[in-house]
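Enquirer:
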Amino acid sequence: MDIKTISMHEHEDGERACMSRRQFLLAGGAVVTLAAVPGGLTFAAPLQALKADYPRTKIGSLSALKLGKPVAFAYPYPSVRNILVKLGAPAGAGVGKDGDVVAFNQQCTHMGGPLDGTYKEKHQALGPCPLHLTTFDLTRHGMVISGHGTESLPQIVLETQGDDIYAVGVLGLIWGYSANTAGRRA
Ligand code: FES
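The sequence shown maps to residues 1 to 186 in this note's numbering.
(1) Provide the residue span of the beta strand (DSSP E) that contains threonine 160, from first to last.
(2) So what's lysine 66 in DSSP terms, helix, strand or just coil?
(3) Report yes if the C-beta distance between aspartate 100 and lysine 122 is below 8 Å; otherwise report no.
(4) Going by C-alpha to C-alpha distance, which of Ile174, Leu171, Pro78, Thr160 sits closest to lysine 58?
(5) Cβ of leucine 138 within 8 Å of Cβ of glycine 147?
(6) Measuring only the C-alpha atoms, how far is histidine 110 from tryptophan 175?
(7) Tell me which residue opens and which closes the beta strand (DSSP E) that methionine 111 is part of.
(8) DSSP puts aspartate 137 in a beta bridge; with which residues?
(9) Flag threonine 134 as yes when its Cβ comes closer than 7 Å to any non-hydrogen atom of the ligand FES, and as no otherwise.
(10) Three-state secondary structure (DSSP) at isoleucine 174?
(11) Look up threonine 57 in the DSSP assignment and say whether it is helix, strand or coil.
(12) Pull the bridge partners of alanine 103 from the DSSP assignment, please.
(13) Just mark leucine 126 as buried or exposed, buried being the case when its beta carbon has 16 or more other beta carbons within 10 Å.
(14) Less than 8 Å separating the beta-carbons of valine 102 and alanine 91?
(15) Per DSSP, what kind of secondary structure is lysine 51 in: helix, strand or coil?
(16) Going by CA-CA distance only, name the one from Leu153, Val95, Ala74, Cys129 that's closest to tyrosine 54.
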């Protein structure tokens with residue numbers, strides 16, 4: 001999946017980048033295009049997901065990860081809970097030599113249910129959510145597998161440098177926030 005970075009606002013505190021829900025939706029719509037081809041067929045151009053950039057932050061190391069054992073971390077703010085996990089299967093935006101190390105937010109995109117402790121190693125999935133059973137596929141950018149949720153789980157964008165793993169942004173909007181900015185709850 002292609003990742004398109006949009007420009008961010010600086011807030012009064014001068015630190016935090018912000019993408020409002022409206023900007024997110026408008027920008028998201030702008031990158032979905034339909035094209036007609038001779039013969040009357042219509043096809044959809046590739047969908048580009050949008051990434052909100054945050055400060056590059058070290059969150060772990062490749063050598064310390066154990067297969068199928070998630071490690072919790074906070075990013076981009078202390079109150080935002082995520083997991084870093086080596087799936088054992090190639091994943092969208094996965095890093096490491098096998099492309100299987102990913103990170104995701106742990107709040108359900110349906111109504112914010114806690115997904116802490118629900119990782120299923122056998123299926124590389126997070127869930128089911130304890131509230132309404134939504135389950136997310138971590139090999140496919142957090143896509144919904146089943147349940148009431150309709151939006152993919154926000155994926156923490158990763159980079160590596162040697163053995164170090166860094167978080168550099170968030171793909172998607174974290175539940176409960178009208179923008180990817182601390183203190184701005186919907
Ligand atoms: S809050 Fe998770 S499925 Fe409803």
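Every residue gets a Cβ at the ideal spot worked out from N, C-alpha and C, and that includes glycine.
Expert: With the given structure in hand:
(1) For threonine 160, the uninterrupted beta strand (DSSP E) segment begins and ends at 155 to 161.
(2) The three-state secondary structure of lysine 66, taken from DSSP, is coil.
(3) No; because the gap between Cβ atoms is not below 8 Å, this pair is not in contact.
(4) By alpha-carbon distance to lysine 58, the top candidate from Ile174, Leu171, Pro78, Thr160 is Thr160.
(5) With a cutoff of 8 Å on beta-carbon distance, leucine 138 and glycine 147 are scored as not near each other.
(6) Those two C-alpha atoms are separated by around 8 Å.
(7) Following the DSSP letters along the chain, one finds methionine 111 in no beta strand (DSSP E), marked with neither H nor E.
(8) Answer by DSSP bridge pairing, in chain order: Ala125, Met143.
(9) Remark: the C-beta of threonine 134 is in contact range of the ligand FES, defined as less than 7 Å to any heavy atom.
(10) Secondary structure at isoleucine 174: coil, using DSSP grouped into helix, strand and coil.
(11) Of the three classes helix, strand and coil, the one that applies to threonine 57 here is strand, per DSSP.
(12) Paired residues: Leu84, Ile156.
(13) Answer is buried; the Cβ neighbour count reaches 16.
(14) Using a Cβ distance threshold of 8 Å, valine 102 and alanine 91 count as a contacting pair.
(15) The three-state secondary structure of lysine 51, taken from DSSP, is strand.
(16) The residue with the shortest Cα to Cα distance from tyrosine 54 is Ala74.
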